[in-house]
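**Q** I'd like to ask you about the structure that follows.
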Amino acid sequence: MEHSRDDGDITARLDFIGLDNKGRDALRSVEPLIAKHLPEALERFYKKLATVPAVSRFFSGSDQMNRAQSSQLGHWLAIATGRFDSKYVESSRRIGLRHAQIGLEPRWYIGGYGVIVETLVTELARDFMGEHIKSLKGGLFNRKHDEDVLSAAVSDLGVAMSAMVKSVMIDIDMAVSVYFDQVMAEAQKRDRENADRVAWAAELTGEVLQKLAEGDLTENITADFEGGFAKIKSDTNQLVDRLREIMLQLRDTSGLLRTATGEILAGANDLSERTTRQAAAIEQTAASMEDLSRTVSQNAVLAEAASDQAQKAAESAEAGGQVMGKVTEAMEKISNSSSRISNIIGIIDDIAFQTNLLALNASVEAARAGDAGKGFAVVAVEVRRLAQSAASASAEVKELVERSVVEVKAGENLVRTAADRLFELLSVVRETTGSMSAIASASREQSASIAEISAAVMQMDEMTQHNAALVEQTNAAIEQTESQARQLDQIVDKFRLTNSKAEPRSPAIRERPKRVAARAGKAVGDNWSEF
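The following block contains the structure:
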């Protein structure tokens, strides 16, 4: 059946390309010429092939290349006979299949045929036309004969070359079609195997995920995945392991949370009781601070009044000090005036003494003058008497002045002593005033501080009351947290986290689909000779 289908395919190809019996007969007519030049064409082709690394890498050495050249010679001779039978079809299919197996791209195959055809066309045209040119008679009378011979030769050559080119195209078509059929078949095989591997990997992954959905976190994918499936396996196992780790941590955390909430609840209850007692104590403290603030405020008012009185006393003492200063100054002025009077009296005594001397001298001179000086003597006596009276009066005045000076000095000393005492009193009054002012200021500051303390105590009382309320709320929240921890335990208990019977993690493992066979990328031995 396969040969019948292939024979039908080759017939259809021959009909489509127009290679009929006439063309094949023309091809067979030049078979000797093709056979003559075919070794040269193949030699040229394989020499060129040896210089191309992308193709020469398929040959293990020159011996294999020579065998390939010999095989190609036989295949081309079969093409030159024009016999496109089942044997030819099988040979073409074998060549195309080998190309697909070794990974030889069609471009190298087609290019190689181009190199061979180039040599055959050139040499075939030269030999064919050379043989017909030999049959020309030449001469003027044989011109028509020679033209007919050349025309017929060109026509026959065209038919033969057309048949050869079409035969080559048929051969290329056969090999390339088989190549692509094989490539497509291998691609479909790989697709099926990939689909099987995808289904296999998806099934194993689905089983683990199904276990995960059921709460079983003990299963993992243990089969060997490759490529992108290895990443899926790794991610899935990491997901399960991570969830298992999280659930174990949640279970441990839940237990610790219950223990912690119990301890916190006990501490919170104790704190609530202590806060209540503290609130009562702070309330009593607030009342005491309020009484103390009122007392200190009254003391501050009294200290302020005492400070005002001390200030007034200081002002009075200051005024008395100023008066004593003025009295002292007046006494000093009196003392100075008495001293000046004493000086003036001394001058008067001197004048009286001098006047007495002058009167005495005048009396002596009047006695000498006798009767002529009697009147002058009387004047001198009166002057002397007045001088003595003045001296006596000045002595009394001097005595009075000196006594007054002594009394003034005594009074001045007393006034100075009184001023000193007054200044001492003023200093004491000033110190007392400063102390009273400081006491008043301190009382005001103390009153303000106590007021602030009282306000702080009131605020502490409010905060304590607020804290007591918060403690109650905290207790309620802790109880709710403890309840949620128990619920969390119930949720975690729904998951299977460990193998209770210590069985190994071994989900059902199915035999993995076979891997796609790798395509050859190296020399394939003597079978490559079909190139």
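Just so it is clear: in the sequence shown, position 330 is 343 by our numbering, and no numbers are missing. Beta carbons are placed, not taken as given, at the ideal position from N, Cα and C, and that holds for glycine. Since this is a predicted model, take the numbers as computed values, not measurements.
1. Nearest to residue 369 by alpha carbon, out of 384, 192, 396 and 356?
2. If we ignore side chains and look at the alpha-carbon of each, how far apart do residue 447 and residue 320 end up?
3. Just to confirm, are residue 271 and residue 489 a CB contact at a threshold of 8 Å?
4. Can you tell me whether residue 518 is buried or exposed, with buried defined as 16 or more other CB within 10 angstroms of its CB?
5. By the three-class DSSP mapping on this structure, what secondary structure does residue 362 have?
6. My understanding is that residue 439 touches residue 334, with C-beta atoms under 8 Å, so please give their C-beta distance in whole angstroms.
7. Using the Cα positions of residue 295 and residue 474, report the straight-line distance between them to the nearest angstrom.
8. Counting only the same chain and skipping the five closest in sequence on each side, list residues whose C-beta sits under 6 Å from that of residue 106.
9. Taking just the CA atoms, how far does residue 478 sit from residue 459?
10. Please state whether DSSP places residue 193 in a helix, a strand or coil.
11. Buried or exposed: which applies to residue 197, given that a residue is buried once 16 or more other Cβ atoms fall within 10 Å of its Cβ?
12. For the alpha helix (DSSP H) holding residue 36, just list the boundary residues, first then last.
13. For residue 234, I'd like the list of residues in its chain whose CB is within less than 8 Å of its CB, leaving aside the five on either flank, ordered along the chain.
14. What's the C-alpha gap between residue 503 and residue 462?
15. Within a Cβ cutoff of 6 Å, which residues of the same chain sit near residue 442, ignoring the five residues on either side of it in sequence?
16. For the stretch 418–427 and the stretch 357–367, state whether three or more C-beta atom pairs, one from each stretch, are separated by less than 8 Å.
17. So, at 7 Å on beta carbons, what are the nonlocal neighbours of residue 431 in its own chain, with the 5 sequence-adjacent residues on each side left out?
18. For residue 89 versus residue 117, is the C-beta distance shorter than 8 Å?
19. Mapping DSSP to helix, strand and coil, what is residue 239?
20. DSSP three-state call for residue 144: helix, strand or coil?
21. Give the secondary structure of residue 290 by DSSP, where H, G and I count as helix, E and B as strand, and everything else as coil.
22. Could you check what DSSP says for residue 276 in three-state terms: helix, strand or coil?
23. Using 8 Å for Cβ pairs, my map puts residue 173 next to residue 43. What's the rounded Cβ distance?
24. Given residue 128, which residues of its chain have a CB within under 8 Å of its CB, disregarding the five upstream and five downstream residues?
25. Of all the options 426, 398, 314 and 390, which has the alpha carbon lying nearest to the alpha carbon of residue 340?
26. Buried or exposed: which applies to residue 24, given that a residue is buried once 16 or more other Cβ atoms fall within 10 Å of its Cβ?
27. Counting Cβ pairs, one atom from each stretch, are 3 or more of them under 8 Å apart for the stretch 28–44 and the stretch 171–188?
28. Quick one: is residue 223 buried, meaning 16 or more other Cβ sit within 10 Å of its Cβ, or exposed?
29. Please check the pair residue 180 and residue 92, which I expect to be a contact at CB under 8 Å, by giving their CB distance rounded to whole angstroms.
30. What three-state label does DSSP hand residue 95 in the structure shown?
31. Using the Cβ count rule (16 or more neighbours within 10 Å means buried), how would you classify residue 201?
32. Is it buried or exposed, residue 232, if we count other Cβ atoms within 10 angstroms and call 16 or more buried?
**A** The relevant details are as follows:
1. 396
2. 8 Å
3. no
4. Reliability fails at residue 518, whose pLDDT of 42 lies under 50, so the model's placement of it is uncertain and no value is given.
5. helix
6. 5 Å
7. 6 Å
8. 191
9. 28 Å
10. helix
11. exposed
12. 34–42
13. 217, 218, 221, 246, 249, 250 and 520
14. 59 Å
15. 326, 327 and 330
16. no
17. 337
18. no
19. coil
20. helix
21. helix
22. helix
23. 5 Å
24. 54, 57, 58 and 61
25. 426
26. exposed
27. yes
28. exposed
29. 5 Å
30. coil
31. exposed
32. buried
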